[in-house]
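> Quick one: the structure is below, questions incoming.
Numbering (the working numbering), first residue to last: 13 to 318.
Written as structure tokens, this is what we have:
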């Protein structure tokens, strides 16, 4: 039976507002670069090439960086059946399944669109979570695939990458006239100071906006898992188990998943100001969000059908 992933409109409004603020910030940044005589096309080609490489080869790059390998048909029959069933419910092509040999319980999804998606799970997750919680985690990752989150975040970070590149290479850009193909004003150094300051501002502000957008998309993936499985409590218990296990895993084992950290399901342990710097919501906030979804689903089930 197919289930539509109904939209949480409050969450959607927050995501839309954040993306609008990013768009306005990037338009301002592009306007400053163009009017300062900097060689924007050359920088754009350089960063754009990197972004396109990441976009088209994200699945291979992330799998290689984490040491993940694609699962052979029949190797993990129970997990494969879960993924097949949930994909059918969500009306998605079944992603490829990969496994990472790591004791840290975790999972992530990658790939530029549903037809090129990969869902990866760690051996720690398969050993430590019961089937219902594994299914809930797979539902979370499938929702990321459904929402094309890898592509969305790649687009959201494009101009932030350019700004960061300018800030990181400010010394060399200043020595060579403030940029590729910079004009006379850049050689005098007047407008390059403005470019540097604006780039630094864009890099900082976009970092907070992109982190917020990532957290909102994690909430949306949690909601999608609850709707696909009908068991928000299973995802809640999985998050608690994953968070508790992370405290006992040696740091060298956790570092294996660092290249995919922004894609992983792992929650931030504590709710504090530091959450503003994170790509994932705190465990407390995610559990509260899942409790609201559970109440919503219970209320929908209690209403008589017409």
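Quick reminder that beta carbons are idealized off the backbone N, C-alpha and C, glycines included.
Tell me which residues share the same chain as residue 158 and place their Cβ nearer than 8 Å to its Cβ, disregarding the 5 neighbours each side in the sequence.
Working through the chain shown from its first residue, we reach residue 158 at position 146. Closer than 8 Å at Cβ, skipping near neighbours: 17, 102, 104, 126 and 236.
> Rounded to whole angstroms, what's the CA-CA distance from residue 275 to residue 121? Just pull it up for me.
Residue numbering aside, residue 275 sits at position 263 when the chain shown is read from its first letter. Residue numbering aside, residue 121 sits at position 109 when the chain shown is read from its first letter. If you take the alpha carbons of residue 275 and residue 121, they lie about 7 Å apart.
> Which whole runs of the alpha helix (DSSP H) in the region 125 to 169 are 4 residues long or more, in chain order?
Complete alpha helix (DSSP H) runs here, min 4: 135 to 140, 143 to 158 and 161 to 168.
> Check whether the region 160 to 180 and the region 136 to 143 are in contact - that is, three or more C-beta pairs closer than 8 Å.
Flag = no, the region 160 to 180 and the region 136 to 143 do not touch.
> What's the call for residue 231, buried or exposed, on a 16-neighbour Cβ count within 10 Å?
Residue mapping note: residue 231 aligns to position 219 of the chain shown, counting from 1. Classification of residue 231: buried, given that the 10 Å Cβ count is 16 or more.
> What's the call for residue 151, buried or exposed, on a 16-neighbour Cβ count within 10 Å?
If you number the chain shown from 1, residue 151 lands on position 139. It counts as buried.
> Measure the alpha-carbon distance for residue 107 versus residue 71 and round it to whole angstroms.
Working through the chain shown from its first residue, we reach residue 107 at position 95. Working through the chain shown from its first residue, we reach residue 71 at position 59. Near 11 Å, if we compare the C-alpha coordinates of residue 71 and residue 107.
> Verify whether the separation of the beta carbon atoms of residue 223 and residue 179 is less than 8 Å.
Taking the chain shown and counting its residues from 1, one reaches residue 223 at position 211. Taking the chain shown and counting its residues from 1, one reaches residue 179 at position 167. No.
> Compare the beta carbon distance of residue 244 and residue 154 with 8 Å and say whether it is the shorter of the two.
Here the question's residue 244 lines up with position 232 in the chain shown. Here the question's residue 154 lines up with position 142 in the chain shown. No, Cβ-Cβ distance for residue 244 and residue 154 is not below 8 Å.
> So, using beta-carbon positions, are residue 133 and residue 123 closer together than 8 Å?
Taking the chain shown and counting its residues from 1, the one referred to as residue 133 is at position 121. Taking the chain shown and counting its residues from 1, the one referred to as residue 123 is at position 111. No; because the gap between Cβ atoms is not below 8 Å, this pair is not in contact.
> Around the C-beta of residue 113, are 16 or more other C-beta atoms found within 10 angstroms, so that it is buried, or is it exposed?
As a first step, residue 113 must be located in the chain shown, where it is residue number 101. Under this definition residue 113 is an exposed residue.
> Skipping 5 residues on each side, what residues in its chain have a beta carbon closer than 8 Å to that of residue 30?
Taking the chain shown and counting its residues from 1, one reaches residue 30 at position 18. Only 221, 224, 225 and 228 meet the Cβ criterion.
> Grab the span of the beta strand (DSSP E) containing residue 121 for me, first residue to last.
Looking up residue 121 in the chain shown gives position 109. Start and end: 119 to 122.
> In angstroms, rounded to a whole number, what distance separates the CA positions of residue 145 and residue 246?
Within the chain shown, numbered from 1, the residue matching residue 145 stands at position 133. Within the chain shown, numbered from 1, the residue matching residue 246 stands at position 234. The straight-line gap from Cα to Cα measures roughly 5 Å.
> If you follow the alpha helix (DSSP H) that residue 95 is in, where does it begin and where does it stop?
In the chain shown, counting from the first residue as 1, residue 95 sits at position 83. Start and end: 89 to 101.
> According to DSSP, simplified to helix, strand and coil, what is residue 83?
Start at 1 with the first residue of the chain shown, and residue 83 comes out as number 71. Correct three-state label for residue 83: coil.
> Inspect the beta-carbon positions of residue 117 and residue 254 and report whether they are closer than 8 Å.
Against the chain shown, residue 117 aligns to sequence position 105. Against the chain shown, residue 254 aligns to sequence position 242. Cβ atoms of residue 117 and residue 254: closer than 8 Å.
> Output the boundary residues of the beta strand (DSSP E) element that contains residue 109.
In the chain shown, the residue the question calls residue 109 occupies position 97. Unbroken beta strand (DSSP E) run through residue 109: 108 to 112.
> Report the three-state DSSP secondary structure of residue 233 (helix, strand or coil).
Translated into positions along the chain shown, residue 233 becomes position 221. Correct three-state label for residue 233: helix.
> Which value, in whole angstroms, describes the spacing of the CA atoms of residue 98 and residue 86?
To locate residue 98, count along the chain shown from 1; it is residue 86. To locate residue 86, count along the chain shown from 1; it is residue 74. Computed Cα separation, rounded: 17 Å.
> Using three-state DSSP, classify residue 179 as helix, strand or coil.
Counted from its first residue, the chain shown places residue 179 at position 167. Helix at residue 179.
> By DSSP, does residue 48 sit in helix, in strand, or in coil?
Along the chain shown, one-based indexing puts residue 48 at 36. In this structure, residue 48 counts as coil in the three-state DSSP scheme.
> Considering only residues of the same chain and omitting the five flanking positions on each side of residue 206, which have a CB-CB separation below 8 Å?
Taking the first residue of the chain shown as 1, we reach residue 206 at position 194. The answer, listed in chain order, is 44 and 48.
> For residue 243, which of helix, strand or coil comes out of DSSP?
Here residue 243 is taken as the residue at index 231 of the chain shown, counted from 1. Coil at residue 243, not helix or strand.
> Just the Cα atoms here: how many angstroms apart are residue 306 and residue 234?
Mapped onto the chain shown, residue 306 falls at position 294. Mapped onto the chain shown, residue 234 falls at position 222. In a straight line, the C-alpha of residue 306 is about 11 Å away from that of residue 234.
> Taking the alpha carbon of residue 109 as the point to measure from, which residue in 80, 209 and 136 has its own alpha carbon closest?
On the chain shown, position 97 is the one that residue 109 refers to. The candidate whose alpha carbon is nearest that of residue 109 is 80.
> Please report the distance separating the alpha-carbon of residue 95 from that of residue 75.
As a position in the chain shown, residue 95 is number 83, starting the count at 1. As a position in the chain shown, residue 75 is number 63, starting the count at 1. If I take the Cα positions, the gap works out to 18 Å.
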